Amino acid sequence: MNKDIATPVRTRAILEKYGFSFKKSLGQNFLIDTNILKKIVSFADLNENSGAIEIGPGIGALTEQLARSSKKVVAFEIDQRLLPILNDTLSPYSNVKVIHKDVLQADVQSVMAEEFQGIEDVMVVANLPYYVTTPIIMKLLEEHLPIRGIVCMLQKEVADRISAKPGTKDYGSLSIAVQYYTEAETVMIVPKTVFVPQPNVDSAVIRLTKRNQPAVNVKDEEFFFQVTKASFAQRRKTILNNLTSQLPEGKLKKEEILAALSASGVEPTRRGETLSLEEFGTLSDQLYPYFH
């Protein structure tokens, strides 16, 4: 059995061997707790026929656990300094492919077609760099990749916003955007003490299971997201005021917005955070004809 990478002693030895220093700009925090890594992998529910996509493998601590639990792992790493380290730490595993690319710039669709031939079940499993968590999750969802879902570790406050329910302070356009595509649940809280260097905040692991169909059926997806964003522009304002001031170039008259709210059964004095996905879906469909 190979010795786990994710122990404080082994991590320190690897970092010293390569004289590696952490780059704050890349949000590098490495996990040094094997049990937590194993738990994260267990939430992804992989088997010997699964594929795993990892983003930001670091020195390979999570990659190694994924390699042991799946058929193939493809990991995107942006930091060139980590490539020789990964080459070394992951040498026992022939089922890992590291791609030196920023996942936000990568054509993930074609990488999947190439690397996961004959693999039907693919999960994204990652300890995401905090500063780009949201753009990465949105890219993976908006590109309609053939994945079953995403299990990722991120800042706890972002996890709270993603899995928030209507009527709570964390609920906003991010909750709606992610829950439109997936069922979102926070499955675990991770203390900051199990990382090196220690981040300033606690982390959480969320599991996003892709829906077969989006949560609501809307006439125009892009417009739906426009409406939800506008509704949360200023949280204290009513939905009527937000929509009046935020929807593009004041194209809509107040009476048109009032008519759409009324047809959707939404009181104009309500705030965005009280509307469910379904209500936003109905509202955006009612507003849509005024725009086109």
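Counting with my numbering, you get residues 1248 to 1539 for the letters of the sequence shown.
For each residue, glycine too, the CB sits at the ideal point set by N, CA and C.
Nothing here was measured: the structure is a model prediction, and the numbers come from that model.
| Item | Value |
| --- | --- |
| Rounded Cβ spacing between L1387 and V1371 (contact assumed at less than 8 Å) | 6 Å |
| Cβ shell of T1475 (< 6 Å), same chain only, five flanking positions each side left out | S1420, I1423 and F1527 |
| Sequence-distant residues of its chain with Cβ nearer than 7 Å to A1253 (five each side left out) | L1278, I1279, D1280, T1281, L1284 and A1308 |
| Neighbour-count burial assignment, I1436, 16 or more Cβ in a 10 Å radius | exposed |
| Whether S1316 touches V1355 by CB criterion (8 Å) | no |
| Distance, P1304 Cα to V1443 Cα | 14 Å |
| M1359 - partner residues in DSSP beta bridges | According to DSSP, which records beta bridges pairwise, M1359 is partnered with nothing at all. |
| Start-to-end residues for the beta strand (DSSP E) that takes in Q1402 | G1396 to Q1402 |
| Any 3 or more C-beta pairs closer than 8 Å across the stretch 1391-1409 and the stretch 1335-1344 | no |
| Span of the alpha helix (DSSP H) around A1353 | Careful: A1353 lies outside any alpha helix (DSSP H) and carries neither H nor E. |
| Cβ shell of V1405 (< 6 Å), same chain only, five flanking positions each side left out | T1380 |
| Among I1453, L1401 and F1472, the one whose alpha carbon lies nearest that of P1461 | F1472 |
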